[in-house]
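Structure first, then comments.
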Ligand code: URA
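As structure tokens, this is what we get:
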């Protein structure tokens, strides 16, 4: 078999076999297929696509390129969630405890933030002492005992994706449905959960800018799950503005705590309800949508989800008193306000620019080695569809001395569009594919 022939076949729009796809992936990982041939291969996939079977085979070759994390020592229905990324996305902090309160098992592996998007692991470290490194034995003990842990990624998970993604990044081949779907699903399926709920973001702040392309990606990922014999549901949700009100680290944990106590922002709570209801439907296919949503509402209002969060924080070494009284968590004391410069309706709040404003304040990493300031960030007071009058506060910034508040305010200015015409409030859930 030769890489040349496989590239030529895809270039000529022919279907590749499992053996051919495996030859390319294995060869690239072990160095026998050089960068220039893999680049040509990726570009041919970019232009000519892959069918469901090829996309699954690519995913499977990547998935098995490194460690596989088995969860068979965990008793019960294990479930995971993945978001395709956004700004202000603190969903995992709430979703894990909610699912545990609903009797499911969540061993959540999360990442750190880079660039304009935040990371769950960084946010949790705003709680003093919270450790995101647990031994496999501790992880299993905790999940069996109370249902949820959130830890950093460990082991050598899908090395093929790390290498292929780095090449895609410099060869203009990132935004290809089979390549994105196989990249995400190889990592998700390498951890052997029973169920998986995908939150596919749609809009200016997302990979997929419009509903049609988000649907295509969601179908590809659900299709891979189906061939792999896993339960996978994709929920397509709006990302034309940041999620909830808070963007930062400490402040996002505060919003998550509020939400776990059933007093969080409406839209964010709705997202948690819908994603958790989908997981519940995977566990119990006979439950109706309405009953599933009601179950989620119940664990948010009776304190059981919040209690799961407390148990998790305690087990992972975090200072529980900071959760019980979050005024003890770091929060910058100085404030700056971003105000409307004219009357009208908010049409758009560009997510990436808001994320960059947060990063300019010190809430995110410009490079892998940057140090995060847990206490800075911003609170969006107004949202898309809101009416504003000149001088109204749109966002309050939490600022520490020496940080670029002026730059962040300028960035926010570029993020927010105000129009004289009335703007409808956007729908959060755009579609569900399972
Ligand atoms: N996220 C991933 O993990 N991979 C992609 O290709 C795109 C987004």
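Numbering (this note's numbering), first residue to last: 559 to 992. Don't be surprised by glycine CBs; every beta carbon is placed ideally from N, CA and C. None of these values were measured; they are calculated from a predicted model.
Any idea if residue 814 is buried or exposed, counting beta-carbon neighbours within 10 angstroms, 16 or more meaning buried? By one-based count along the chain shown, residue 814 stands at place 256. Residue 814 is buried by the Cβ-count criterion.
Bridge-paired residues (DSSP) for residue 795: Residue numbering aside, residue 795 sits at position 237 when the chain shown is read from its first letter. According to DSSP, which records beta bridges pairwise, residue 795 is partnered with 759, 987.
Does the beta-carbon of residue 873, which I'm using as the reference point, lie nearer than 7 angstroms to any heavy atom of ligand 1? Residue 873 sits at position 315 when you count from the first residue of the chain shown. No, the beta carbon of residue 873 sits no closer than 7 angstroms to any heavy atom of ligand 1.
How about the stretch 722-734 and the stretch 869-889: do they share at least three Cβ pairs that are nearer than 8 angstroms? With a cut-off of 8 angstroms, the stretch 869-889 and the stretch 722-734 do not count as touching, because too few Cβ pairs lie within range.
Taking C-alpha atoms, which residue in 821, 776, 614, 838 lies nearest to residue 989? Stepping through the chain shown from its first residue, residue 989 is reached at position 431. Of the candidates 821, 776, 614, 838, 776 places its Cα closest to the Cα of residue 989.
Which word fits residue 882, buried or exposed, when buried means at least 16 other C-beta atoms lie within 10 angstroms of its C-beta? Start at 1 with the first residue of the chain shown, and residue 882 comes out as number 324. With fewer than 16 other Cβ atoms within 10 Å, it is exposed.
Could you give the first and the last residue of the continuous alpha helix (DSSP H) run that contains residue 567? Position 9 of the chain shown, counted from the first residue, corresponds to residue 567. Counting along the chain, the alpha helix (DSSP H) containing residue 567 begins and ends at 561-569.
Hey, is the stretch 795-806 in contact with the stretch 756-769, meaning 3+ C-beta pairs nearer than 8 angstroms? They touch, by the three-pair rule.
Residue ranges of each alpha helix (DSSP H) within the stretch 942-987, 4 or longer: Within the stretch 942-987, the complete alpha helix (DSSP H) runs of at least 4 residues are 963-973.
Quick one: Cα of residue 866 to Cα of residue 662, how far? Position 308 of the chain shown, counting from 1, holds the residue named residue 866. Position 104 of the chain shown, counting from 1, holds the residue named residue 662. In a straight line, the C-alpha of residue 866 is about 12 angstroms away from that of residue 662.
How many whole angstroms separate the CB atoms of residue 942 and residue 984, which I take to be in contact at a CB cut-off of 8 angstroms? Locating residue 942 in the chain shown gives position 384, where the first residue counts as 1. Locating residue 984 in the chain shown gives position 426, where the first residue counts as 1. Residue 984 and residue 942 do touch by the CB rule: their CB atoms are close to 6 angstroms apart, below 8 angstroms.
Could you give the first and the last residue of the continuous alpha helix (DSSP H) run that contains residue 586? Your numbering for residue 586 matches position 28 in the chain shown. Element bounds for residue 586: 576-588.
Any idea which residues DSSP pairs residue 905 with across the strands? Against the chain shown, residue 905 aligns to sequence position 347. According to DSSP, which records beta bridges pairwise, residue 905 is partnered with nothing at all.
Residue 915 to residue 744 span [Cα, whole Å]: Translated into the one-based positions of the chain shown, residue 915 becomes position 357. Translated into the one-based positions of the chain shown, residue 744 becomes position 186. Whole-angstrom Cα-Cα distance: 32 angstroms.
How would you call residue 680, buried or exposed, if buried means at least 16 neighbouring beta carbons within 10 angstroms? The residue you call residue 680 lines up with position 122 of the chain shown. Per the 10 Å Cβ criterion, buried.
Please classify residue 626 as buried or exposed, where buried requires at least 16 neighbouring CB atoms within 10 angstroms. To locate residue 626, count along the chain shown from 1; it is residue 68. The residue is exposed, with fewer than 16 neighbouring Cβ atoms inside 10 Å.
If we call anything under 8 angstroms between Cβ atoms a contact, is residue 772 one with residue 758? On the chain shown, position 214 is the one that residue 772 refers to. On the chain shown, position 200 is the one that residue 758 refers to. In this structure, residue 758 lies closer than 8 angstroms to residue 772 by Cβ.
What are the boundary residues of the alpha helix (DSSP H) that residue 776 is part of? Against the chain shown, residue 776 aligns to sequence position 218. Where residue 776 is concerned, the enclosing alpha helix (DSSP H) stretches over 769-786.
Please look up how many angstroms separate the CB atoms of residue 948 and residue 900, rounded, as I've assumed it's under 8 angstroms. By one-based count along the chain shown, residue 948 stands at place 390. By one-based count along the chain shown, residue 900 stands at place 342. Yes, residue 948 and residue 900 are in contact; Cβ-Cβ is about 5 angstroms, under 8 angstroms.
With a threshold of 6 angstroms on Cβ separation, who are the neighbours of residue 786 within its own chain once the five nearest residues in sequence on each side are excluded? Here residue 786 corresponds to residue number 228 of the chain shown, with the count starting at 1. The answer, listed in chain order, is 747.
Looking at residue 723 and ligand 1, is the gap between the Cβ and the nearest heavy atom below 7 angstroms? For the purposes of this step, residue 723 is taken as the residue at position 165 of the chain shown. Residue 723: yes, Cβ under 7 angstroms from ligand 1.
Report yes if the C-beta distance between residue 830 and residue 653 is below 8 angstroms; otherwise report no. Start at 1 with the first residue of the chain shown, and residue 830 comes out as number 272. Start at 1 with the first residue of the chain shown, and residue 653 comes out as number 95. Result yes, Cβ atoms of residue 830 and residue 653 sit closer than 8 angstroms.
What residue does the alpha helix (DSSP H) around residue 879 start on, and which one ends it? Reading the chain shown from its first residue, position 321 is the one you call residue 879. Residue 879 -> alpha helix (DSSP H) spans 878-882.
Near residue 675, what residues of its chain come up, given a Cβ to Cβ distance below 8 angstroms and the 5 sequence neighbours on each side ignored? Locating residue 675 in the chain shown gives position 117, counting from the first residue. Listed in chain order, the non-local C-beta contacts of residue 675 below 8 angstroms within the same chain comprise 643, 644, 645, 647, 913, 922, local neighbours out to five positions each way being set aside.
Please identify the residue among 566, 932, 694 whose C-alpha is closest to the C-alpha of residue 597. If you number the chain shown from 1, residue 597 lands on position 39. Nearest in C-alpha terms to residue 597, of all of 566, 932, 694, is 566.
Please tell me whether, using a cut-off of 7 angstroms, the distance from the CB of residue 738 to the nearest non-hydrogen atom of ligand 1 is below it. Here residue 738 corresponds to residue number 180 of the chain shown, with the count starting at 1. Ligand 1 approaches residue 738 closely enough that one of its heavy atoms is under 7 angstroms from the residue's Cβ.
Own chain residues within Cβ distance below 6 angstroms of residue 864, not counting five before or after: By one-based count along the chain shown, residue 864 stands at place 306. For residue 864, where only same-chain residues beyond five positions count, the Cβ hits under 6 angstroms are 818, 819.
Considering only residues of the same chain and omitting the five flanking positions on each side of residue 724, which have a CB-CB separation below 6 angstroms? Against the chain shown, residue 724 aligns to sequence position 166. Excluding residues within five positions, none has a Cβ falling inside 6 angstroms.
Would the beta-carbon of residue 935 fall within 8 angstroms of that of residue 805? For the purposes of this step, residue 935 is identified with residue 377 of the chain shown, where counting begins at 1. For the purposes of this step, residue 805 is identified with residue 247 of the chain shown, where counting begins at 1. Yes, they are a contact pair.
Nearest to residue 633 (by Cα), restricted to the options 742, 701, 893, 888: Position 75 of the chain shown holds residue 633. The candidate whose alpha carbon is nearest that of residue 633 is 701.
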